[in-house]
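Chemist:
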Amino acid sequence: MAGAVSSKGCQKIRGSQIRDLLDAKRYVLFDCDGVIWNGETAVPGAPEVVSLLKQQGKLVFFVTNNCTRPRENYVQKFSRLGFNDVAQEDIFSSAYCSAVYLRDVAKVQGKVFVIGGNGVFKELRDAGVPFVEEETDVSDGSIYDCPLDSEVSAVLVGYDEKFNFLKLAKACCYLRNAECLFLATDPDPWHPLRGGRVTPGSGSLTAALETATERKATVIGKPSRFMFECIASQFGVDPTQSLMVGDRLETDILFGANCGLDTMLTLTGVSRMDEAEGYKDSDSPEKKKFVPDYVVDTIADFLQAQEED
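The opening position of the sequence shown corresponds to residue 868 in the working numbering, with each subsequent residue numbered one higher.
1) Out of Thr1107, Cys1040, Val987 and Gln923, which one is the CA nearest neighbour of Asp1129?
2) Give the secondary structure of Gln878 by DSSP, where H, G and I count as helix, E and B as strand, and everything else as coil.
3) Just the C-alpha distance for Glu1144 and Asp1164, rounded to the nearest angstrom, thanks.
4) Count the other C-beta atoms from every protein chain shown that fall within 10 angstroms of the C-beta of Glu990, then say buried if there are 16 or more, exposed otherwise.
5) Provide the residue span of the alpha helix (DSSP H) that contains Ala966, from first to last.
6) Which of helix, strand or coil does DSSP assign to Ala1079?
7) In chain order, which alpha helix (DSSP H) runs of at least 4 residues are fully inside the region 1000-1073?
8) In three-state terms, what does DSSP make of Asp1129?
9) Can you tell which of Asp890, Gln923, Pro1059 and Val930 has the C-alpha that lies nearest to the C-alpha of Phe897?
10) Could you check where the alpha helix (DSSP H) with Lys1155 kicks off and where it finishes?
11) Helix, strand or coil: how does DSSP classify Ala1084 here?
12) Please classify Gly986: is it buried, with 16 or more other beta-carbons within 10 angstroms of its beta-carbon, or exposed?
13) Report yes if the C-beta distance between Leu1121 and Pro1090 is below 8 Å; otherwise report no.
14) Mapping DSSP to helix, strand and coil, what is Ile982?
15) What's the C-alpha gap between Lys892 and Lys925?
16) Taking just the CA atoms, how far does Tyr941 sit from Thr935?
17) In whole angstroms, what separates the C-alpha of Gly949 from that of Ala1167?
18) Grouping DSSP H, G and I as helix and E and B as strand, with all else coil, what is Phe950?
19) Val975 and Ser946: beta carbons closer than 8 Å?
20) Which of the three DSSP states, helix, strand or coil, is assigned to Asp957?
21) Quick check: what's the CA-CA separation for Val1112 versus Arg1082?
22) Bridge partners of Thr908, per DSSP?
23) Decide if Asn932 is buried, meaning its Cβ has at least 16 other Cβ atoms within 10 Å, or exposed.
24) For Val1024 and Phe1157, what's the separation of their Cα atoms in angstroms?
25) What residue does the beta strand (DSSP E) around Val895 start on, and which one ends it?
26) Tell me which residue opens and which closes the alpha helix (DSSP H) that Leu1134 is part of.
27) What's the gap between the Cα of Asn1171 and the Cα of Tyr1041?
28) Give the secondary structure of Val1163 by DSSP, where H, G and I count as helix, E and B as strand, and everything else as coil.
29) Excluding sequence positions up to five away, which residues of its chain have a Cβ less than 7 Å from the Cβ of Arg1061?
30) Closest to Asn1125 by CA distance: which of Ser1109, Arg1139, Gly1136 and Ser1138 is it?
31) Are the region 1093-1108 and the region 952-969 touching by the rule of at least three beta carbon pairs closer than 8 Å?
32) With a threshold of 16 other CB atoms inside 10 Å of the CB of Gly1123, please say whether the residue is buried or exposed.
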């Protein structure tokens, strides 16, 4: 095959090389923001790519560290942006996977104290995992006199726009109990916003709590293996027949490497080609794990690949 991919390691591929790679895969995992869409705008060609892959009989999954919305809201967003064949069971968010972990793996007894938003609360509720209800007004509260729930047996940290000192202090108190589980939805340090601004991510909030408690959180989202294990347990996914497509080297690509998947960087999001090449040229074995097997400008290149002879 003239267009066959001959080697791996930060290889820019196009045309028939992409087609040959996809022909060898049955499962395709996509990150969302920066890959499928940017904010409220679909990446051009992304809806057609998803439809084409599904028409070819491939199983397509969406793995996102964004824990701000429940899966049902993701389905609504996919539909709003022109994706007409994405089902709720295709979506594996860090909020959903955290709820599954607490219910099925940790089998948590008691309640979960949450630093997070509505996406986490909704997934915990749907999974039947009890949690401490979010307080509506804690502006006058103090850790000296605020009530603590004696039934808390786990602390879960996610993205929280209402993060405050009292939430941090309460979590510290709960985690003084060595038996209390300490989980994080994801390690993302920051997220890009419109206009060149950024917002702190779950990872930055987790880091504050790790510093305060001298404990390390168990991370559920990428690059942890659990997200893939969650998919594999439900769909029997074979890692050797799977491709992970993402835009962030330190999470998406490392996730794929950790799970034994072929990895592809798309340049429509956070990471750039020179960063990937820098990791490839590094002498650090750990940084080598950030190197994608393949690189494309955009997943819309998948469409052109199918059209070429």
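Note that beta-carbon positions come from the ideal geometry of N, C-alpha and C, so glycine has one too.
Modeler: Quick look at the numbers:
1) Position 262 of the sequence shown, counting from 1, holds the residue named residue 1129. Residue Thr1107 is the option with its Cα nearest to Asp1129.
2) Working through the sequence shown from its first residue, we reach residue 878 at position 11. Strand at Gln878.
3) Walking along the sequence shown from the start, residue 1144 turns up at place 277. Walking along the sequence shown from the start, residue 1164 turns up at place 297. The straight-line gap from Cα to Cα measures roughly 15 Å.
4) One-based indexing of the sequence shown puts residue 990 at position 123. Glu990 comes out buried.
5) Taking the sequence shown and counting its residues from 1, the one referred to as residue 966 is at position 99. Ala966 -> alpha helix (DSSP H) spans Ser961 to Val967.
6) Your numbering for residue 1079 matches position 212 in the sequence shown. If DSSP states are grouped into helix, strand and coil, Ala1079 belongs with the helices.
7) 1032-1042
8) Taking the first residue of the sequence shown as position 1, residue 1129 is located at position 262. Looking at Asp1129 - three-state DSSP - the assignment turns out to be strand.
9) On the sequence shown, position 30 is the one that residue 897 refers to. The shortest C-alpha separation from Phe897 is found at Val930.
10) Taking the sequence shown and counting its residues from 1, the one referred to as residue 1155 is at position 288. Run containing Lys1155: Pro1152 to Lys1155, per the alpha helix (DSSP H) assignment.
11) Within the sequence shown, numbered from 1, the residue matching residue 1084 stands at position 217. Three-state DSSP puts Ala1084 in coil, outside helix and strand.
12) The residue you call residue 986 lines up with position 119 of the sequence shown. Under this definition Gly986 is a buried residue.
13) As a working note, residue 1121 is residue 254 in the sequence shown. As a working note, residue 1090 is residue 223 in the sequence shown. The answer is yes: Cβ separation under 8 Å.
14) Counted from its first residue, the sequence shown places residue 982 at position 115. Ile982 falls in the strand class under three-state DSSP.
15) Translated into positions along the sequence shown, residue 892 becomes position 25. Translated into positions along the sequence shown, residue 925 becomes position 58. Lys892 and Lys925: Cα-Cα distance of roughly 8 Å.
16) Here the question's residue 935 lines up with position 68 in the sequence shown. Here the question's residue 941 lines up with position 74 in the sequence shown. Cα to Cα, the separation comes out at about 10 Å.
17) Along the sequence shown, one-based indexing puts residue 949 at 82. Along the sequence shown, one-based indexing puts residue 1167 at 300. C-alpha separation (whole angstroms): 15 Å.
18) On the sequence shown, residue 950 is found 83 positions in, with the first residue counted as 1. Here Phe950 sits in coil by DSSP.
19) The count along the sequence shown starts at 1 and reaches residue 975 at position 108. The count along the sequence shown starts at 1 and reaches residue 946 at position 79. The answer is no: Cβ separation not under 8 Å.
20) To locate residue 957, count along the sequence shown from 1; it is residue 90. It is helical.
21) To locate residue 1112, count along the sequence shown from 1; it is residue 245. To locate residue 1082, count along the sequence shown from 1; it is residue 215. Roughly 32 Å between the two C-alpha positions.
22) In the sequence shown, residue 908 corresponds to position 41, counting from 1. DSSP lists Asn905 as partners of Thr908.
23) Mapped onto the sequence shown, residue 932 falls at position 65. Answer is buried; the Cβ neighbour count reaches 16.
24) Locating residue 1024 in the sequence shown gives position 157, counting from the first residue. Locating residue 1157 in the sequence shown gives position 290, counting from the first residue. Approximately 25 Å between the Cα atoms of the pair.
25) Here residue 895 is taken as the residue at index 28 of the sequence shown, counted from 1. Per DSSP, Val895 belongs to the beta strand (DSSP E) from Tyr894 to Phe897.
26) Counted from its first residue, the sequence shown places residue 1134 at position 267. Careful: Leu1134 lies outside any alpha helix (DSSP H) and carries neither H nor E.
27) To locate residue 1171, count along the sequence shown from 1; it is residue 304. To locate residue 1041, count along the sequence shown from 1; it is residue 174. The sequence as given places Gln at residue 1171; Asn does not occur at that position. Each residue's Cα considered, the two are about 54 Å apart.
28) Counting from one through the sequence shown, the residue named residue 1163 turns up at place 296. The answer is strand: DSSP assigns Val1163 an E or B state.
29) Mapped onto the sequence shown, residue 1061 falls at position 194. Here the set comprises Gly906.
30) On the sequence shown, position 258 is the one that residue 1125 refers to. If we check each option's Cα against that of Asn1125, Ser1109 comes out closest.
31) yes
32) The residue given as residue 1123 occupies position 256 in the sequence shown. Gly1123 is buried by the Cβ-count criterion.
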